[in-house]
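Before any comments, here is the structure.
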Amino acid sequence: MIATAMLIAACGGGGGSGGGGAALPIVGIPPANGGAPNPDDGNPSGYPHASEPIGTVRQIYDGALSPDLAVNTYRNIDRLFPTRTIEPGATSSALPSAASRLTQVSFMVGAATYSLAEFMSVNRVAGLLILKDGKIANETYQYGNTQRTRWMSMSVAKSITSTLIGAAVKDGYIASIDDQVIKYVPRLAGSAYDGVTVRNVMMMASGARWNETYTDPNSDRRQLLEAQISQKPGSAMDLMSKLPRAAAPGSVYNYSTGETQVAGEIVYNAVKKPLAQYLSEKIWSKVGMEAQANWWLDSPGGVEIGGSGISATLRDYGRFGLFVMNDGMAAGQQVVPTWWIAEAGTPKVLTGGNPINYGYLWWIPSSGPSAADGAFYANGIMGQQIYINRKEKVVIVVWGAQTDPAGNGTLPVVPFFDAVVAALK
Numbered sequence: 004m005i006a007t008a009m010l011i012a013a014c015g016g017g018g019g020s021g022g023g024g025a026a027l028p029i030v031g032i033p034p035a036n037g038g039a040p041n042p043d044d045g046n047p048s049g050y051p052h053a054s055e056p057i058g059t060v061r062q063i064y065d066g067a068l069s070p071d072l073a074v075n076t077y078r079n080i081d082r083l084f085p086t087r088t089i090e091p092g093a094t095s096s097a098l099p100s101a102a103s104r105l106t107q108v109s110f111m112v113g114a115a116t117y118s119l120a121e122f123m124s125v126n127r128v129a130g131l132l133i134l135k136d137g138k139i140a141n142e143t144y145q146y147g148n149t150q151r152t153r154w155m156s157m158s159v160a161k162s163i164t165s166t167l168i169g170a171a172v173k174d175g176y177i178a179s180i181d182d183q184v185i186k187y188v189p190r191l192a193g194s195a196y197d198g199v200t201v202r203n204v205m206m207m208a209s210g211a212r213w214n215e216t217y218t219d220p221n222s223d224r225r226q227l228l229e230a231q232i233s234q235k236p237g238s239a240m241d242l243m244s245k246l247p248r249a250a251a252p253g254s255v256y257n258y259s260t261g262e263t264q265v266a267g268e269i270v271y272n273a274v275k276k277p278l279a280q281y282l283s284e285k286i287w288s289k290v291g292m293e294a295q296a297n298w299w300l301d302s303p304g305g306v307e308i309g310g311s312g313i314s315a316t317l318r319d320y321g322r323f324g325l326f327v328m329n330d331g332m333a334a335g336q337q338v339v340p341t342w343w344i345a346e347a348g349t350p351k352v353l354t355g356g357n358p359i360n361y362g363y364l365w366w367i368p369s370s371g372p373s374a375a376d377g378a379f380y381a382n383g384i385m386g387q388q389i390y391i392n393r394k395e396k397v398v399i400v401v402w403g404a405q406t407d408p409a410g411n412g413t414l415p416v417v418p419f420f421d422a423v424v425a426a427l428k
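Counting from 1 along the sequence shown, just add 3 to a position and that's the residue number in our numbering.
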């Protein structure tokens with residue numbers, strides 16, 4: 004099953020005092036327990052879902068949200084933690100409709116055949132956007148969502164953080180992805196990350212020991228969540244600095260949300276400005292996003308969460324996918340190095356020669372038409388994806404409203420993506 008383990012991240016504040024430039028607005032200081040403010044506080048923002056009752060971040064991890072409460076929570080995650088705004092530009096880019104709408108898709112999982120409607124039902128798809136040649140072939144909202152709804156990214160944000168590392172390389176803030184992590188995050192000197200490269204981190208191959216089990220309150224992942232809930236500057240990097248080494252850097256793949264907290268800290272300290280501001284300057288304001296987005300912070304006024312916490316509209320996630328599909332070009336400018344997208348979206352090889360179906364914080368299909376096309380995708384638990392097929396000029400965005408962090412009972416997404424691409428030919 005493709006619904007792999009990825010969840011909310013907590014970026015440390017080791018570089019929290021190193022930011023330069025003007026910080027973007029910070030909004031919403033919620034309770035320290037990761038819960039929601041009083042839903043009767045009114046709706047001063049005009050956001051259509053702002054007054055809905057929501058759950059807590061611990062309930063997300065425990066798989067304890069009811070289906071209805073999950074929907075409310077996933078479109079209001081800016082009420083769980085402080086956020087910083089990601090500002091769009093003055094005008095939005097058009098997303099014209101395709102000549103014909105894609106309404107029928109058929110794909111197989113084992114011996115069973117599923118339709119588009121069944122995929123959306125089984126996977127509790129809250130929003131679906133299919134773009135072919137930059138045109139909308141399907142745009143569907145469910146569960147009361149609209150074009151104005153902002154939806155959580157979950158670990159889709161990891162791929163955005165990776166792209167910001169690419170931008171920082173292009174801008175000269177990061178000299179090389181083979182630089183040592185401690186060059187940019189000196190807080191980790193002497194830790195398991197001493198001797199680890201930026202490339203190792205983006206491959207989930209630092210060698211630091213990590214347990215990603217979401218529902219285990221004693222796992223490293225849950226300890227990272229508690230660090231985020233504490234809203235204490237530097238608490239996440241304190242946790243990361245205490246991890247023991249389990250393998251040599253670059254030798255073992257081990258999925259770790261903590262790894263992307265380090266990645267976010269690398270960006271923050273390298274560019275010396277908030278990640279939300281850098282994302283706005285380099286991408287959000289240049290590709291014609293239509294709405295403000297926001298990004299969780301590790302503490303009030305602190306560092307953005309490297310592996311989750313971005314909340315944006317369906318079409319703007321689609322525009323980000325088009326930016327990647329177009330090799331990182333925005334407003335006629337090359338935002339990342341010319342080689343970056345191809346490099347980030349292809350399978351990597353560990354130091355011992357073992358290949359992995361993972362790029363630089365992007366997932367790589369292991370077989371089938373998508374693998375043959377060189378497609379790749381961002382993936383977050385509860386059913387969030389941005390699929391990019393540069394060969395066929397297809398971008399697919401999926402919003403999921405699932406409630407099980409393990410994705411039990413859901414359909415794998417890659418066969419669905421393959422079927423969509425085939426139907427659009």
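Glycine residues also receive a C-beta, built at the ideal position from the N, C-alpha and C atoms.
query                                                                                                                                                      : result
Counting along the chain, where does the beta strand (DSSP E) carrying Q280 start and finish?                                                              : Not the beta strand (DSSP E): Q280 falls in the alpha helix (DSSP H), residues 278-282.
Could you give the residue range of the beta strand (DSSP E) that holds S124?                                                                              : Element bounds for S124: not the beta strand (DSSP E) but the alpha helix (DSSP H), 119-125.
How big is the Cα-Cα spacing for R82 and P56?                                                                                                              : 10 Å
Considering only DSSP beta bridges, list what Y198 is partnered with.                                                                                      : Reading off the sequence, residue 198 comes out as Gly, not Tyr. DSSP lists no partner for G198.
Fully enclosed by the segment 123-167, which alpha helix (DSSP H) runs are 4 residues long or longer?                                                      : none
I'd like to know whether the C-beta atoms of A129 and V74 end up nearer to each other than 8 Å.                                                            : yes
If we count Cβ pairs, one from each stretch, closer than 8 Å, do we get three or more for the segment 183-197 versus the segment 348-358?                  : no
Please report the distance separating the alpha-carbon of D65 from that of T200.                                                                           : 33 Å
Determine the closest residue to A53 out of A67, R78, R190, D71, with distance taken between C-alpha atoms.                                                : R78
Tell me which residues share the same chain as W213 and place their Cβ nearer than 7 Å to its Cβ, disregarding the 5 neighbours each side in the sequence. : D223, L246, N257, S259, G261
For a test of the three-state rule: what should DSSP assign to S95, helix, strand or coil?                                                                 : coil
Taking V397 as the reference, which of A115, A160, A425, N148 has the closest Cα?                                                                          : A425
Go to V400, then tell me how far its beta strand (DSSP E) extends in each direction, as first and last residue.                                            : 397-403
Counting pairs of Cβ atoms below 8 Å between the segment 109-118 and the segment 306-314, do you hit three or more?                                        : no
Any idea which residues DSSP pairs E307 with across the strands?                                                                                           : L300
For W287, which of helix, strand or coil comes out of DSSP?                                                                                                : helix
Quick one: using the 10 Å Cβ neighbour count with 16 as the cut-off for buried, is F419 buried or exposed?                                                 : buried
Which same chain residues, not among the five before or five after Y361, have their C-beta less than 8 Å away from its C-beta?                             : M206, M207, Y256, P350, K351, I367
For a minimum of 3 consecutive residues, which ranges assigned as the beta strand (DSSP E) are wholly contained in the segment 301-377?                    : 313-315
How many Å lie between S156 and D319 at the Cα?                                                                                                            : 12 Å
Three or more C-beta pairs closer than 8 Å, one from the segment 137-152 and one from the segment 367-376: is that the case here?                          : no
Do I139 and L98 have their CB atoms nearer than 8 Å?                                                                                                       : yes
So, is N411 buried or exposed, given that buried needs 16 or more other C-beta atoms within 10 angstroms?                                                  : exposed
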